[in-house]
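> Chains as they are written, first to last, in numbering that gives the first Met the number 0: chain A, 0 to 446; chain B, 0 to 503; chain C, 0 to 124. Idealized CB from N, CA, C, for every residue including glycine. Keep in mind the model is a prediction, meaning the values are calculated, not measured. Here it is: the structure, laid out below.
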Amino acid sequence: MRYLPLTDTDRAEMLAAIGAGDIKELYKDVPADVLLDQPVDLPFHAGELEVERQMAALAAENVSAGSVPFFLGAGAYRHHTPATVDHLIQRSEFLTSYTPYQPEISQGTLQALFEFQTQVALLTGMDVANASMYDGATACAEAAMMACRVTRRNRVVLSGGLHPHYREVTQTNARFMGLTIDALPANAEGGENLSEHLDDETACVVVQNPDFFGQVEELSVLADACHAAGALLVVVVTEIVSLGAVEAPGNMGADIVAAEGQSLGNPMGFGGPHVGLFAVRERFLRQMPGRLAGETVDVDGRRGWVLTLSTREQHIRREKATSNICTNSGLCALAFTIHLSLLGEAGFTKLAALNHAAAVTLAGKLAAVPDVEIVNDAYFNEFTVRLPKSAAQVVDALADRHILAGVPVSRLIPDDPAVDQLLLVAATETARPSDMDAFVSALAGVL
Amino acid sequence: MANSIPDTITGHRGLQLEEPLIFEQDAPGRTAVDLPEVPEIESRLGNAARKGEIGLPGLAEPQVVRHYLRISQKNYAIDAGMYPLGSCTMKHNPRLNEKMARLPGFADIHPLQPEKTVQGALAMIDLCAEWLKVLTGMPAVAMSPAAGAHGELTGLMTIRAALEDRGDARKRVLVPESAHGTNPASAHMCGYKVEAVPANEAGRVDLAVLKERLGDDVAAIMITNPNTCGLFEDEIVEISAAVHAVGGFVYCDGANFNAIVGRVRPGDLGIDSMHLNLHKTFSTPHGGGGPGAGPVVLSEALAPFMPLPYVMHGPDGFQLAEHAGQTDAKPYGRMKGFHGQAGVFVRALSYMLSMGADGLRQASADAVLSANYLAARLNDLLTQSYPGPCMHEVLFDDHFLRNTDVTTLDFAKAMIDEGVHPMTMYFPLVVHGALLMEPTETESRESLEQYIALVRGLTERAKAGEAASFHDAPKYAPRRRLDETKAARNPVLRWQPPIDQAAE
Amino acid sequence: MSDMKFTKDHEWIAVDGDVGTVGISEYAQEQLGDVVFVELPETGKAFSKGEEAAVVESVKAASEVFAPVDGEIVETNGSLEDEPGAVNSDAFGNGWFFKIKIADASQLDGLMDKAAYDAYTAELD
């Protein structure tokens, strides 16, 4: 078996050195009646070629985004990733190393995390960022729980424009933590007045920008209202590329930013692994969950990095820790960092401009289709379309015509007649004019 | 400088290339991507358009490649050598797994595509789930948790949901002293009071004390088996029975499943819920700290409360249950965006198909054999904390270093100079100055022999009074010991432009 | 230092009238290692004996500082926020944590004097 270097001779000699007659003697603490003496009922080992065939057959049953006109978003976005990213993250030293517990031989990971933290702080306009979370949804839940610790209050207000998965993950965590969640109803038309929901028990308001329906807002007034009520403003960003064109949450008064970083460096990958971004004001640093890389010097005075402020964490604080998080999304964070380093200021802002232009172009084409209405007035690379019939049925019919048209809102918000005809459509730099035209003409054909 | 090697003009030392931060290599306007011109459009950003610069550095592609290549060379890796971190299972990460995860049919699909366009992805998750269920002897598995700690939380929430369903949420969760820190943290996040259970002299849960602590307000015990001392909990069946007798559940931390895959099914031990670290037992890469995946297997009693989403077998193929209304069960909620770490499932499944039922069984035996071999070859010099065969990791304490002026930390740093990654140190907390070694099945006989020789050699040096050389270690790593006090007292957590540049 | 009293959790309290100054012992700071952060209570807050009043953190450990007696916090040592190292360099002096207005002086009788505490720590090693 190709992954196992020990030979039968090695095994026999090692058993002899141990003084055991056979391997079963090493399992003597296992109750005899539960120790299996046969392999379990699964196929036996297979060579690379056989495994590759079996896996490729499964992959071939999926319609990959690159093979058709593709317009899905809703928290996962298709962007082009430079070849350099995947090459570099597959370097063994990055791919096959553990969490950097021994800093002397982990400076590569630590320096990359320090660069990641800096990039996330810059993009979000915040003071400090951690070394990543599992994904945007879990980062959102952690942000809400952190706001409760900081303010010593227990009520969390969730905007109706928050991604339903983020809402559900936050609600699930809050329920077990004994926090009160006030989740406002989803409303694609906007007009939500979050300030009205603030009271002196409110720990934070969680708002997404661009929101789940694609709408972009200026949040300074809301931030002021939160602060006047002694609450924090948590801003969620599910499309990080938007921050190349949209004002940074930190510049609009956010106290905590919880975001999804998949768009940079990471494939959609059927929903994971992705990378959660988490950034805060410096004064809340000690209440922040997750790992942190910090700068220091070695005994020779040379600059280096270590994991720091770990007394916040579970391996020291146990049940008093800020979170139970241990592993983060290190390699996804690295992909994010390399992609953003390749882009630079000029590339990143241009990428954002291209995305916005693609969405504006597509919205114009869709608006020309009879009975199709664009719901949003301000958006980045994703917007909501009102169709004259069920969006789920339209998406299904278009899939049969080899077009992946978008996400029907009912997929995420079921049993709500008000959203039945709403379709979320995203257009990134990967959408060609010919893809848009194919979509528009096919749409006209199925309506 | 303490180092006797003369300084070079560049600061580089041969293949050890010094590398500044990416932010220190900026030339405004430079980029490593060529993007097309932006079409003329009317902006729809409203009043939310970004006003200022972000401050990202501009570099060309060759510079970015060199930058990340150079810093990568400052990392140790399992591909480079032995990484015997106890409790972490640093085994070989097959590249076939990576290749499969990058097939466009897995990597380039959106989680919310119509189900009929992702039947292969749903089949992949289902097949991965099937292997995990058979290997653990459990009827159900929640695939969505993102990592081990996240799986623990999922398991505990499932337990709480089941208890609430019978109108009896209960108050306490019992956690052995030797448990991973994530265990009490997870129990706390689930609203439970954590109560420690001491170990007996044999390094196992003290069954008599456990029985005293049990009561009808105990929701669960969180047990690690094999435990963090590298020992199989020989009274696990009795422990499970005692917890069940008071109406509680048994949660098992599956971090150490690598010792027993294909040989012991947790379902046969009375366990109700256990997470599986796919990034440990099932060979997916640790990536310098994630991403992992932590599916949680569940007993019949807990299965109905499994969180959303999950894959179901429908009349026309595979279906996803994404909302409570799509299932007859009682899902307690959702743990994560989308459907879990699908890309990690691809890798774990590739590994399982490669190893097969026979290979997985051989791998756990080799892992246990290798750990016991280390024990046999080292325990005349080092002090093994508990007698008898260990599982896949062997625990020593620092008694053998007594009066040498060498600490466990010093010993670890000297190992770095010898070209191996140190073992886990100071964990578990139940022994003094712990050294927890987990060779895994990946190491060849030659590699094990070299490791034994270096640990023996260092021990002899320590006992011979050569403490000073330990205090100086590491000498040959890209950095020598770093000042963690300075880092924590005055945290610098991001790069800031130099003052003169910032003033412009 | 002769009127200093000690708890089993390694806090010391030096009494002046009805106010006690509280810190952690030399033994405790040695066990912790370099102190990097101290979280102090709010002035005016009341604690019962044995309740967690402050937190002291080193690089690798965090430890609670318990109120040695019932009482109300009247002053805290804000200089520790900038110079937590004072806990290491001067545990019985500049490294003090807070002053507490003692509600029940009889509780002091249950604490150890210096000699008893030294004997207690000698046994722990």
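Using a C-beta to C-beta distance shorter than 9 Å, which residues of chain C count as neighbours of I315/A?
By Cβ distance, chain C contributes E56, K59, A60, A61.
> Using a Cβ-Cβ distance cut-off of 9 Å, determine whether A187/A contacts chain B.
It does not: the Cβ of A187/A has no partner Cβ on chain B nearer than 9 Å.
> Does any residue of chain C bring its CB to less than 9 Å from the CB of S309/A?
Output row for S309/A: interface = yes.
> Closest by CA to L492/B, which one among L25/A, V206/A, E281/A, R1/A?
Out of L25/A, V206/A, E281/A, R1/A, E281/A has the C-alpha closest to the C-alpha of L492/B.
> When you compare the CB positions of I255/A and M132/A, do they come within less than 9 Å of one another, or not?
In this structure, M132/A does not lie closer than 9 Å to I255/A by Cβ.
> Please list, in chain order, the chain B residues whose beta carbon lies closer than 9 Å to that of C331/A.
Those within 9 Å of C331/A in chain B are G286, G289, P290.
> Looking at C-beta atoms only, is the number of pairs between the stretch 50–57 of chain B and the stretch 391–409 of chain B that lie closer than 8 Å three or more?
Because the criterion of three Cβ pairs below 8 Å is not met, the stretch 50–57 of chain B and the stretch 391–409 of chain B do not touch.
> Any idea if A222/A is buried or exposed, counting beta-carbon neighbours within 10 angstroms, 16 or more meaning buried?
Buried, by the Cβ-count rule.
> Between A448/A and the rest of its own chain, which residues show a CB-CB distance below 6 Å, the 5 nearest in sequence each way excluded?
Outside the modelled stretch of chain A, which goes from 0 to 446, sits residue 448/A, for which no answer is possible.
> Who are the neighbours of Q72/B on chain A, taking C-beta pairs under 8 Å?
Per Cβ cutoff of 8 Å: E92, G107.
> Rounded to whole angstroms, what's the CA-CA distance from P266/A to H78/A? Just pull it up for me.
Taking the straight line joining both Cα atoms gives about 8 Å.
> Relative to chain C, which residues along the stretch 478–497 of chain B have a C-beta separation below 7 Å, given in chain order?
Listed by position along the chain: E483, T484, A487, R488.
> Short check: CB of K335/B to CB of V168/A, under 9 Å?
Yes.
> State the Cα-Cα distance for the pair C189/B and N172/A, rounded to the nearest angstrom.
Their Cα atoms are separated by approximately 8 Å.
> Taking any Cβ of chain B, which residues in the stretch 25–43 of chain C have a Cβ under 9 Å from it, in chain order?
Here the close residues are G32, D33, V34, V35, F36.
> Against chain C, does Y425/B count as a neighbour if the rule is that its beta carbon must be under 9 Å from one of theirs?
Answer yes: the Cβ-Cβ gap between Y425/B and chain C drops below 9 Å somewhere.
> With DSSP as the reference, label E503/B as helix, strand or coil.
Below a pLDDT of 50, predicted positions are generally treated as unreliable, and E503/B, at 44, falls in that range; no measurement from the model is reported.
> If I'm right that G19/C touches A13/C with Cβ under 8 Å, what's the distance once you round it to whole angstroms?
Confirmed, Cβ separation roughly 7 Å.
> Below 9 Å on C-beta distance, what does K115/B contact in chain E?
The structure shown contains no chain E; the protein chains it does contain are A, B and C.
> DSSP three-state call for I40/B: helix, strand or coil?
Correct three-state label for I40/B: coil.
> Helix, strand or coil for T179/A per DSSP?
In the structure shown, T179/A sits in a strand (DSSP, three-state: E or B).
> For the beta strand (DSSP E) containing F36/C, list its first residue and its last residue.
Where F36/C is concerned, the enclosing beta strand (DSSP E) stretches over 34–38.
> According to the neighbour-count rule (16 or more other Cβ atoms, all chains shown, within 10 Å of its Cβ), is E503/B buried or exposed?
At E503/B the pLDDT is 44, less than 50, meaning the model places this residue with poor confidence; the figure from the coordinates comes in the next sentence. Classification of E503/B: exposed, given that the 10 Å Cβ count is below 16.
> CA-CA distance, A66/C and A114/C?
Going from the Cα of A66/C to the Cα of A114/C covers about 21 Å.
> Taking Cβ to Cβ, would you say A300/B is nearer than 9 Å to T295/A?
In this structure, T295/A does not lie closer than 9 Å to A300/B by Cβ.
> Give me the Cα-Cα distance between T95/A and N276/B, rounded to the nearest whole angstrom.
If you take the alpha carbons of T95/A and N276/B, they lie about 15 Å apart.
> Enumerate in chain order the residues of its own chain whose CB-to-CB distance from E442/B is below 7 Å, with the five nearest sequence positions on each side excluded.
Within the same chain, E442/B has close Cβ partners M81, S369.
> Since C251/B sits in a beta bridge, which residues does DSSP pair it with?
Note: C251/B sits in a beta bridge opposite I222/B, M273/B.
> Pull out every residue of the stretch 185–210 of chain B whose Cβ sits closer than 7 Å to any Cβ of chain A, in chain order.
Per Cβ criterion, the list reads S185, A186, H187, M188, C189, G190, V193.
> What alpha helix (DSSP H) runs, 4 residues minimum, are completely inside the stretch 16–74 of chain A?
Correct list: 22–25, 47–59.
> Got a sec: is the Cβ-Cβ distance from A224/A to anything in chain B below 9 Å?
It does not; no Cβ of chain B falls within 9 Å.
> G119/B: which of G72/A, A130/A, A58/A, D126/A sits nearest, CA to CA?
Comparing Cα-Cα distances from G119/B to each of G72/A, A130/A, A58/A, D126/A, the minimum goes to A58/A.
> Whose CA, out of D15/C, D33/C, G70/C, lies closest to the CA of K59/C?
K59/C has its Cα closest to that of D33/C, out of D15/C, D33/C, G70/C.
> Mind checking V367/B: buried by the 16 CB within 10 Å criterion, or exposed?
Buried is the call here.
> For G316/B, report the span of its beta strand (DSSP E) as first-last.
Element bounds for G316/B: 316–320.
> Got a sec: is the Cβ-Cβ distance from M0/C to anything in chain A below 9 Å?
Interpretation of M0/C is limited by its pLDDT of 46, a score under 50 that renders its predicted location unreliable; the figure taken from the coordinates is listed afterwards. With 9 Å as the cut-off, M0/C does not count as an interface residue toward chain A.
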